[in-house]
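There are 2 protein chains.
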Amino acid sequence: MNVSHLSCLRCGRPRQPDEGHLTCPDCGAGGLLEVQYDYTTIARTFDRDALARNPDRTMWRYEPFLPVPPGSPRPHLAIGGTPMYRADRLGLEIGLPHLWIKDDGLNPTGSLKDRASAIAVAKALETGQDTVACASTGNAASSLAGNAANAGLKSVIFVSTRAPAGKIAQLLVFGATVISVEGTYVDAFALSERAIADYGWYNRNAAINPYLVEGKKTVALEIAEQFGWNVPDWVVVSVGDGCTIAGVYKGFYDLLQVGWIDRLPRLLGVQAEGCAPICRAFVTGGPVEPSAEDTLADSIAVGYPRNPDKALRAVKSTNGAMITVADADILDAMRLLGRTMGIFGEPAGVAGMAGLRRAVTQGLVQKGERVTVVVTGNGLKDTASAARATAPPIRVSPDPERLHEVLAAANVIR
Amino acid sequence: MNVSHLSCLRCGRPRQPDEGHLTCPDCGAGGLLEVQYDYTTIARTFDRDALARNPDRTMWRYEPFLPVPPGSPRPHLAIGGTPMYRADRLGLEIGLPHLWIKDDGLNPTGSLKDRASAIAVAKALETGQDTVACASTGNAASSLAGNAANAGLKSVIFVSTRAPAGKIAQLLVFGATVISVEGTYVDAFALSERAIADYGWYNRNAAINPYLVEGKKTVALEIAEQFGWNVPDWVVVSVGDGCTIAGVYKGFYDLLQVGWIDRLPRLLGVQAEGCAPICRAFVTGGPVEPSAEDTLADSIAVGYPRNPDKALRAVKSTNGAMITVADADILDAMRLLGRTMGIFGEPAGVAGMAGLRRAVTQGLVQKGERVTVVVTGNGLKDTASAARATAPPIRVSPDPERLHEVLAAANVIR
Numbered sequence: 010m011n012v013s014h015l016s017c018l019r020c021g022r023p024r025q026p027d028e029g030h031l032t033c034p035d036c037g038a039g040g041l042l043e044v045q046y047d048y049t050t051i052a053r054t055f056d057r058d059a060l061a062r063n064p065d066r067t068m069w070r071y072e073p074f075l076p077v078p079p080g081s082p083r084p085h086l087a088i089g090g091t092p093m094y095r096a097d098r099l100g101l102e103i104g105l106p107h108l109w110i111k112d113d114g115l116n117p118t119g120s121l122k123d124r125a126s127a128i129a130v131a132k133a134l135e136t137g138q139d140t141v142a143c144a145s146t147g148n149a150a151s152s153l154a155g156n157a158a159n160a161g162l163k164s165v166i167f168v169s170t171r172a173p174a175g176k177i178a179q180l181l182v183f184g185a186t187v188i189s190v191e192g193t194y195v196d197a198f199a200l201s202e203r204a205i206a207d208y209g210w211y212n213r214n215a216a217i218n219p220y221l222v223e224g225k226k227t228v229a230l231e232i233a234e235q236f237g238w239n240v241p242d243w244v245v246v247s248v249g250d251g252c253t254i255a256g257v258y259k260g261f262y263d264l265l266q267v268g269w270i271d272r273l274p275r276l277l278g279v280q281a282e283g284c285a286p287i288c289r290a291f292v293t294g295g296p297v298e299p300s301a302e303d304t305l306a307d308s309i310a311v312g313y314p315r316n317p318d319k320a321l322r323a324v325k326s327t328n329g330a331m332i333t334v335a336d337a338d339i340l341d342a343m344r345l346l347g348r349t350m351g352i353f354g355e356p357a358g359v360a361g362m363a364g365l366r367r368a369v370t371q372g373l374v375q376k377g378e379r380v381t382v383v384v385t386g387n388g389l390k391d392t393a394s395a396a397r398a399t400a401p402p403i404r405v406s407p408d409p410e411r412l413h414e415v416l417a418a419a420n421v422i423r
Numbered sequence: 010m011n012v013s014h015l016s017c018l019r020c021g022r023p024r025q026p027d028e029g030h031l032t033c034p035d036c037g038a039g040g041l042l043e044v045q046y047d048y049t050t051i052a053r054t055f056d057r058d059a060l061a062r063n064p065d066r067t068m069w070r071y072e073p074f075l076p077v078p079p080g081s082p083r084p085h086l087a088i089g090g091t092p093m094y095r096a097d098r099l100g101l102e103i104g105l106p107h108l109w110i111k112d113d114g115l116n117p118t119g120s121l122k123d124r125a126s127a128i129a130v131a132k133a134l135e136t137g138q139d140t141v142a143c144a145s146t147g148n149a150a151s152s153l154a155g156n157a158a159n160a161g162l163k164s165v166i167f168v169s170t171r172a173p174a175g176k177i178a179q180l181l182v183f184g185a186t187v188i189s190v191e192g193t194y195v196d197a198f199a200l201s202e203r204a205i206a207d208y209g210w211y212n213r214n215a216a217i218n219p220y221l222v223e224g225k226k227t228v229a230l231e232i233a234e235q236f237g238w239n240v241p242d243w244v245v246v247s248v249g250d251g252c253t254i255a256g257v258y259k260g261f262y263d264l265l266q267v268g269w270i271d272r273l274p275r276l277l278g279v280q281a282e283g284c285a286p287i288c289r290a291f292v293t294g295g296p297v298e299p300s301a302e303d304t305l306a307d308s309i310a311v312g313y314p315r316n317p318d319k320a321l322r323a324v325k326s327t328n329g330a331m332i333t334v335a336d337a338d339i340l341d342a343m344r345l346l347g348r349t350m351g352i353f354g355e356p357a358g359v360a361g362m363a364g365l366r367r368a369v370t371q372g373l374v375q376k377g378e379r380v381t382v383v384v385t386g387n388g389l390k391d392t393a394s395a396a397r398a399t400a401p402p403i404r405v406s407p408d409p410e411r412l413h414e415v416l417a418a419a420n421v422i423r
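Line order of the protein sequences matches chains A and B. According to this note's numbering, the stretch in the first sequence is residues 10 to 423, in order. According to this note's numbering, the stretch in the second sequence is residues 10 to 423, in order.
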């Protein structure tokens, strides 16, 4: 593979991948590692024409940019290759004529997180581990359980007893061992870390694992390829623990190193008003302070984000921006995407769209700019929020005359 | 376009497409029409190499086989191009070494029905209609609402007041006008037919519209292409009103006419024991009798199927078979697909898998045969059934020693 080494984001010291560290041992707990590639070799042995001829539409088409040996064992779900839609009518409504939507909710388990979990499972296979684990009730867990099942690995998922039954059902169908911890999510997380240490399971507790960002970056590689390597001016994405926007940055960064693109798009990171610790640190320039988790966008309700360093660097070094949106804006964006595009996103999945709308209103994003919004998760994961976003159906007795009245009142007929 | 005419399935009389009939006016209500193509022209102007070079992975790559003029307006959701997975471990468990799963639950609104609704919306656009309508709470409705929204059409969906709120939420997010009819599904259907006649909306009430089958057939075109035109011995699919299996048949039939394949796969149609009117007619050779709708597989709970003629022909003329499965078999198939493949299907979506398992046990499908099962809908559409399919999570206090005990008891650790 083309990985040269891991480097510490804080102290810059290089680490060899086989040292087994997930964080820098010289920096204390905060020193996140980052995967570095031999870009000269990639540029010499791989090119855009070879890529264009590859019929594989999944994320694995970018294998030379991934931290896995060529042809190594991996899950075989069809992750990536998600559609990039022109959004002309939607763009007209929000005053942006050059708008595209990338729907990553169409990944196999319904979210962008599949890209990261596939790498986690591939790394577990590579290192001979037979069990992967994490604490989550959300997209990280379902994608990990699904990819583990596909690859024949066991998965152990720690959830709080408060987790909704519907989300747990998907995990159980995937054959995961689901441990319901009596207490809060913090209790579940702590117990998962202890068990991972005790039993030597592969750790997919997101942000500190440097390989997960490498999976997420494939969304940026796809965006660049779908734009014919002429990247948009802005890429917009919701931000929770910071890993996704860090992955988007890393993808474009890699492409810039090998000369396949000539600039980085500006990244617009969007958080929910009720849980915006990274956005607040970006605006104030101060440290990241823990926040309440007061938003219906549960997939980005991360009060103690674990990847703020990479996220803040992603925004700052692309001359990007961060913005917050109210839950009402998120529900509005859900309706907007549904009504104009036929795209159904979960609340966190459409928060980027809500943020873009606000950014256009504020003049931060200009009318002439080319913009892509990533929808990160499928609305079918949270139909309760969708019900909150919409007015109830029109109730009527089975009588054509009564129907005529209600249709006229609703302006469906004239 | 390459459509030559419509023909009546019962009396064989040809009809010109522009006559506007959805059923044969000479046969009474039962005479379904079928789209016939000028296969000589298709064979002369289109070939498999040209297809292979087309980078469009959606169903529209098969445009010369579709009843739409080239380049005509249509919805632009990324429908089709769904993955075909080898299923080695799953095959091993059920005694079938040559098994593949096609996951059509990864279509944009979560089901195979997107293929039909896209054609419905394209036909509505072609004929200048601005509103499409149907009576459904299921996949037909959500796919119609999503595709209509994408194309800028209005949709009116009639549901019963008994329909679950979660399924309605998706429709409302897509901006559909949802009419909740006080009464049963039969009342909702009757009111929809009356309104469609009164207001001139485009009718997507499935089975009598001959164009919908043409959309569904693209799943068979894809299967053939994904198998390199060497089709499997069996294709397995669940059966409700009969349109999907009719579409699968039509796709392979078309390919046989142009010489791209040299035989039809045998079709195995699977119904739920509690609602198996087409299967019963197949077995007895008698007419199709209405049935109760006693199954959790709601998407195939069709007691009065509207397309039995095409469905029965599909099975008989491929030397196929029909089989029923209990709800317990369906839940078992859901777990099996989840645990071995990381695929999450809704109950009706996995009924085909349950039927195949039974067919192997009965010796109907033989060990050496190559088999593809189509998963027709996404499990996220019905997490309540998934919860019924699985045991509850393992509950534990946040204590490593207690965790150790429960993990050992569950054989997760030794």
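Built from N, CA and C at the ideal position, the CB exists for glycine as well.
Here the alpha carbons of Cys20 of chain B and Ala398 of chain A stand approximately 50 Å from one another. Against chain B, the beta carbon of Glu191 of chain A has neighbours under 8 Å at Arg404, Val405, Ser406 and Pro407, listed in chain order. The Cβ neighbour count for Lys226 of chain A, taken over all protein chains shown within 10 Å, is at least 16; the residue is labelled buried. For Asp196 of chain B, the C-beta contacts it makes with chain A under 7 Å involve Pro407, in order along the chain.
For the region 201–228 of chain A, residues whose beta-carbon sits nearer than 9 Å to a beta-carbon of chain B comprise Arg203, Ala204, Asp207 and Tyr208. Taking a C-beta distance under 8 Å as the contact criterion, Ser145 of chain A and Thr385 of chain A do not qualify as a contact pair. For Tyr258 of chain A, the enclosing alpha helix (DSSP H) covers residues Cys252 to Gln266. The straight-line gap separating the alpha-carbon atoms of Val246 of chain A and Thr186 of chain A is approximately 31 Å. Here Gly89 of chain B carries a coil assignment [DSSP, helix/strand/coil]. When secondary structure is reduced to three states using DSSP, Glu378 of chain B falls in the coil class, being assigned neither helix nor strand.
Unbroken beta strand (DSSP E) runs of no fewer than 3 residues, entirely contained in the region 176–245 of chain A, are found at 186–190, following chain order. Comparing alpha-carbon positions, the option among A:Ala320, A:Ala199 and A:Pro117 lying closest to Tyr94 of chain B turns out to be A:Pro117. Going by C-alpha positions, Pro84 of chain B is about 36 Å away from Gly283 of chain B. Neighbourhood of Lys163 of chain B in chain A, by CB distance below 8 Å: Val421, in chain order. Straight-line measurement puts the Cα of Arg367 of chain A at about 50 Å from the Cα of Tyr313 of chain B.
Shown here for Val382 of chain A: same chain residues with a beta carbon closer than 6 Å to its own, the five before and five after excluded, namely Ile110, Val245, Gly361, Met362 and Leu365 in chain order. In the same chain as Glu191 of chain A, and ignoring 5 residues on each side of it, the C-beta atoms closer than 8 Å to its own belong to Thr170, in chain order.
In the three-state reduction of the DSSP assignment, Tyr48 of chain B falls in the helix class, which pools H, G and I.
Around the beta carbon of Ala255 of chain B, 16 or more other beta carbons sit within 10 angstroms, so the residue counts as buried. Only buried fits Asn159 of chain B, as 16 or more other CB atoms lie within 10 angstroms of its CB. Sequence-distant partners of Leu134 of chain B (beyond 5 residues in either direction) whose C-beta falls short of 8 Å from its own C-beta, in its chain, are Ser81, Pro82, Arg83, Ala160 and Leu162. DSSP places Leu15 of chain A in the uninterrupted beta strand (DSSP E) bounded by Val12 to Cys17. Between Gly251 of chain A and the set A:Gly388, A:Ile51 and A:Pro219, the nearest pair of CA atoms involves A:Pro219.
Below 8 Å, too few C-beta pairs join the region 332–347 of chain A and the region 136–145 of chain B to call them touching: fewer than three.
Cβ-Cβ distances below 6 Å link Gly114 of chain B to Gly354, Gly358, Val384, Gly386 and Asn387 in the same chain, with the five nearest sequence neighbours on each side left out; the list follows chain order. With a 10 Å radius around the Cβ and a threshold of 16 neighbouring Cβ atoms, Thr32 of chain B comes out buried. Inclusion of Val279 of chain B and Ile332 of chain B in the CB contact set at 8 Å is warranted, their separation being smaller than that value.
The DSSP-derived three-state label of Asp112 of chain A is strand. DSSP places Ala301 of chain A outside both helix and strand once states are collapsed to three, so it counts as coil. Taking the C-beta atoms as reference points, Val44 of chain B is found nearer than 8 Å to Pro76 of chain B.
As far as DSSP is concerned, Val77 of chain B takes part in no beta bridge.
Using a Cβ-Cβ cut-off of 8 Å, Phe291 of chain A does not count as an interface residue toward chain B, since no Cβ of chain B sits closer than that to its own. The C-alpha of Ala320 of chain A lies about 23 Å from the C-alpha of Glu234 of chain A. Apart from sequence neighbours up to five positions away, the residues of its chain that approach Arg98 of chain B with a beta-carbon distance below 7 Å are Thr349, ordered along the chain. At a cut-off of 8 Å between C-beta atoms, Leu389 of chain B counts as an interface residue with respect to chain A. Closest in alpha carbon position to Asn212 of chain A, among A:Lys325, A:Ala396, A:Lys376 and A:Ala149, is A:Ala149.
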